[in-house]
Amino acid sequence: MVLHRPGEPLNLEERPTPKPAAGEVLVKVAACGVCRTDLHIVDGELTQTRLPIIPGHEVVGYVASVGSAVQGITPGERVGIPWLGWTCGRCAYCRAGQENLCETARFTGYQIDGGYAEFAVADARYCFPVQGSYSDAEAAPLLCAGLIGYRALRMAGDGARLGIYGFGAAAHIVAQIARHQGRRLFAFTRAGDTAAQAFARDLGAVWAGASEEAPPEQLDAAIIFAPVGALVPAALKAVRPGGTVVCGGIHMSAIPSFPYELLWRERKLVSVANLTRRDGEELLALAPRIPIKTEIETFPLSAANEALARLRAGKLRGAAVLVMGEKG
Ligand SMILES: [Zn+2]
Ligand SMILES: [Zn+2]
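Numbering (numbering that gives the first Met the number 0), first residue to last: 0 to 327.
The structure is reproduced here in structure tokens:
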């Protein structure tokens, strides 16, 4: 497994295989996606990290054993372990169907050891069955990039003209759902990132350009996946009156001040936090029907630091996935 301690790169260490408690499953990890949130955790930009921590919350693996109280999951089954690892079930948010906002929620790879490891334990109630013909590595990005993207797209409303700022793992999945829904897609990338712009066009974007550019027509909504606060006023400028800008990340650099007129005329600015289990069930059912194809670049577990460095540099097409058992 790979362990994160503050101020150090991720270190490969051996640890005994964890044991599942009564309500938990032990999962032999097959693949684990590398999410931008992992980068924020390793870089110390998120402050609630339990340290040391095994990162990774896009876990696909096979149930090795189950605790005595687990029902409905059996050894051998393929499951996914997402970011949402535990909620209280009692607070006002949990009772209102907003468990993503639970005040005492715990998250995989953040407060609960995650999937940069050969084995992981998880609360059985938060695991999803992973069906369909996806390989383990192909399925991994659905677990966060897919889920958060799906939730962000829903919050963007039904408008036909959708902008996406930052064309990485989440965007490449959202693009496919949006196209399936008949929307027109406008992709914004770092200036000069012709590779990402070509990737967006391959996925059906009608326009791709730099984030500073104005799109050729006004947008109904925009989703910002890049963790760059300056994109907020840029996106507000690009959407029509009454349109929505959704911030899809867990962390963003400070948003610069901007004139009120960018927000006025009933534009909405919202963020997306975490996921609910319902999001997971819906997206995992939808993915094989479209079908969503995930574009992945695989790395052995021992190359976790390299995968994170590639993500930081924006040098990935699609999503990075750690594949266990692959030689380094
Ligand atoms: Zn994530
Ligand atoms: Zn709660």
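Positions of the beta carbon are idealized from the N, C-alpha and C atoms, including for glycine. Quick caveat: nothing in here was measured; it's all calculated off a predicted structure.
Residue 297 in three-state terms, based on DSSP = strand
Secondary structure at residue 198, three-state DSSP: helix, strand or coil?
-> helix
How many angstroms separate the CA atom of residue 109 from the CA atom of residue 58?
-> 13 Å
Where residue 240 falls: helix, strand or coil (DSSP) | strand
Whole-angstrom distance between residue 132 and residue 290, CA atom to CA atom = Inter-residue distance for residue 290 and residue 132 is about 10 Å (C-alpha atoms, whole angstroms).
Nearest residue (CA-CA) to residue 148, options 321, 293, 309 = 293
Which same chain residues, not among the five before or five after residue 158, have their C-beta less than 6 Å away from its C-beta?
-> 219, 220
On the three-pair Cβ rule with 8 Å, is the segment 198-210 touching the segment 136-151?
-> no
Under a Cβ-count criterion, where at least 16 other Cβ atoms within 10 Å of its own Cβ denotes burial, should residue 81 be classed as buried or exposed?
-> The C-beta of residue 81 has 16 or more other C-beta atoms within 10 Å across all chains shown, which makes the residue buried.
For residue 31, is the beta carbon positioned less than 8 Å from some heavy atom of ligand 1?
-> no
Neighbour-count burial assignment, residue 162, 16 or more Cβ in a 10 Å radius = Flag for residue 162 reads buried.
Keeping to the same chain, check which residues put their C-beta closer than 7 Å to that of residue 19; ignore five residues upstream and five downstream.
-> 25, 64, 65, 66, 120
Could you have a look at residue 204 and say whether DSSP puts it in helix, strand or coil?
-> DSSP places residue 204 in coil when its eight states are reduced to three.
Would you call the CB atoms of residue 136 and residue 0 closer than 9 Å?
-> no
When burial is assigned at 16 or more other CB atoms within 10 Å of the CB, is residue 328 buried or exposed?
-> Residue coverage of the chain in this structure runs from 0 to 327, which leaves residue 328 outside it and unanswerable.
List the whole-angstrom C-beta distance separating residue 167 from residue 315, where the pair is believed to meet the contact cut-off of C-beta under 8 Å.
-> Right, their Cβ atoms sit about 7 Å apart.
Taking 8 Å as the line, does the beta carbon of residue 35 fall inside it for any heavy atom of ligand 3?
-> No copy of ligand 3 occurs in the structure displayed; its ligands are ligand 1 and ligand 2 alone.
Residue 164, enclosing beta strand (DSSP E) - first and last residue | 160-164
Report the rounded CA-to-CA distance for residue 86 versus residue 164, giving the unit in angstroms.
-> 31 Å
Apart from the five residues just before and just after residue 14, which ones in its own chain have a Cβ nearer than 7 Å to its Cβ?
-> 0.
By Cβ distance, which residues of its chain are closer than 6 Å to residue 275, with the 5 residues on each side in sequence left out?
-> 98, 99
Just jot down, in chain order, the residues whose CB lies closer than 7 Å to any heavy atom of ligand 2.
-> So the residues near ligand 2 by this Cβ test are 86, 87, 88, 89, 90, 92, 93, 98, 101, 102, 103, 104.
Expected contact under 8 Å - CB spacing of residue 62 and residue 78 to nearest Å | Approximately 6 Å separates the beta-carbon atoms of residue 62 and residue 78; this is inside 8 Å, confirming the contact.
Among 227, 263, 239, nearest to residue 35 - alpha-carbon criterion = 227
Alpha carbon of residue 238 to alpha carbon of residue 317, nearest angstrom | 26 Å
As assigned by DSSP and simplified to three states, the class of residue 278 = DSSP places residue 278 within a helical segment (H, G or I) once states are collapsed to three.
Exposed or buried, which one is residue 253 when buried takes at least 16 other CB atoms within 10 Å?
-> exposed
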